[in-house]
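One structure is given here, and the rest of the page talks about it.
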């Protein structure tokens, strides 16, 4: 039977292989890049802003005529419309920090244009005949009733004066909270990845907002295709080049921060008897081992880190993270459950376990 250490190593390797692509480190290749060799989609590149044209066809090539922008066009990696021809964008700036492009492949001949069948004309609807109006019968005249004799008038009693009601005090108007300032929900994203700190796959706008608020360095972020969150640490005013697309939603931090409103003066209440606060348990920091049942297979993500401090910094940037395990000073395993203090400890010298609030 294999030892516990062998099983732990196998579990850590499995999670790293499966989830390594799901949680890329900052500055990874998941940032949208503009095609430089005419190919798109299959290599993760977008045609939007490329010199070959803004449309990505179903074969994975960039172009600007209706063969690329028409039927079969991939809207995730470029524009798609039946308006020929699309023109290549000239506002894209190539920065020196981009990776060295690979040599361009031999030019691929363009396919013959596909013929599209003309739509069949729909038959004109026949007018519906309106029904002939029926004559409205006139009502029969009712007999006029004879007048009844009026009774003799009685003296009118003096009205009893009603007490004057006291005026109701008007409530003090509450100040109206000011709307958020800054760029909120703009359909664009920075052409350059300068200042990009973190990339979080599988994030919506609300999840990305929570990650930004939990990160003190976050200045703005954008969500691409409702699936990937990009967090930046530079002011939005430092960005000079943007790529416009309806696939992106960009927000400054001021858009999502809660607006402070004046707190009304509370009515004094009797002081309740204080409940004794339980003594907090000491934090687990740099423990050489893990709790039984909480090995690498129980982690929700794994990223690369070379120290306990950098591994904890990744954990604190994600609100669901409760504790981490740094394995061999390279693999940072992230856990969304509380550390099980009641389980027996499996000792390992190359494993360092720390809870989120450890001061490291």
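Residue numbers (this note's numbering): 846 to 1205. The beta-carbon is built from N, C-alpha and C at its ideal position, and this holds for glycine as well. Please read all numbers here as calculations on a predicted model, not as lab measurements.
Answer with buried or exposed for residue i, where buried requires no fewer than 16 other C-beta atoms within 10 angstroms of its C-beta.
| i | result |
| --- | --- |
| residue 1117 | exposed |
| residue 1076 | buried |
| residue 884 | buried |
| residue 1139 | buried |
| residue 1047 | exposed |
| residue 1205 | exposed |
| residue 880 | buried |
| residue 1146 | buried |
| residue 1162 | buried |
Between which residues of its own chain and residue i is the CB-CB distance below 6 Å, once the five residues before and five after are set aside?
| i | result |
| --- | --- |
| residue 1084 | 1035 |
| residue 1173 | 1195 |
| residue 1122 | none |
| residue 1027 | 1097, 1099, 1100 |
| residue 926 | 914 |
Whole angstroms is fine: what's the gap from residue i's alpha carbon to residue j's?
| i | j | result |
| --- | --- | --- |
| residue 1128 | residue 901 | 53 Å |
| residue 1029 | residue 1064 | 12 Å |
| residue 1040 | residue 1062 | 11 Å |
| residue 1166 | residue 1050 | 19 Å |
| residue 891 | residue 1160 | 31 Å |
| residue 1096 | residue 1187 | 43 Å |
| residue 1199 | residue 1110 | 43 Å |
| residue 1102 | residue 915 | 42 Å |
| residue 1177 | residue 1142 | 13 Å |
| residue 962 | residue 923 | The pLDDT assigned to residue 962 is 43, lower than 50, so where the model puts this residue is not dependable; a value taken from the coordinates is nonetheless given after this. Distance between the alpha carbons of residue 962 and residue 923 is about 25 Å. |
| residue 1098 | residue 1154 | 25 Å |
| residue 1190 | residue 1135 | 5 Å |
| residue 1071 | residue 1112 | 46 Å |
| residue 1104 | residue 1094 | 21 Å |
| residue 1045 | residue 1060 | 13 Å |
| residue 1086 | residue 878 | 14 Å |
| residue 896 | residue 1179 | 41 Å |
| residue 882 | residue 911 | 20 Å |
| residue 1058 | residue 903 | 39 Å |
| residue 1042 | residue 921 | 24 Å |
| residue 1157 | residue 1120 | 33 Å |
| residue 1092 | residue 918 | 15 Å |
| residue 1185 | residue 1170 | 13 Å |
| residue 1175 | residue 1151 | 5 Å |
| residue 1137 | residue 889 | 40 Å |
| residue 1082 | residue 1037 | 14 Å |
| residue 1148 | residue 1115 | 51 Å |
| residue 1108 | residue 907 | 57 Å |
Under 8 Å Cβ to Cβ from residue i, same chain only, skipping five residues before and after it: list those, please.
| i | result |
| --- | --- |
| residue 1202 | 1128 |
| residue 1182 | 1139, 1143, 1167 |
| residue 1079 | 1039, 1040, 1064 |
| residue 887 | 905 |
Give a yes or no on whether 8 Å exceeds the smallest Cβ distance from residue i to chain B.
| i | result |
| --- | --- |
| residue 1029 | Here there is only one protein chain, and chain B is not present. |
Taking residue i and residue j to be in contact with their CB atoms under 8 Å, please state how far apart those CB atoms are, rounded to whole angstroms.
| i | j | result |
| --- | --- | --- |
| residue 913 | residue 894 | About 15 Å separates the two Cβ atoms, so there is no contact after all. |
| residue 1100 | residue 1074 | The Cβ separation is near 15 Å, so there is no contact. |
| residue 1055 | residue 1164 | 6 Å |
| residue 1088 | residue 1032 | That pair is no contact at about 10 Å. |
Ignore the nearest five residues each way along the sequence and tell me which others in residue i's own chain have a CB closer than 7 Å to its CB.
| i | result |
| --- | --- |
| residue 1133 | 1192, 1193, 1194, 1196, 1197 |
| residue 1124 | none |
Exercise. Is the segment 1120-1139 touching the segment 1049-1067, taking contact as three or more C-beta pairs under 8 Å?
Worked result: The segment 1120-1139, when compared against the segment 1049-1067, does not touch it at the 8 Å Cβ threshold.
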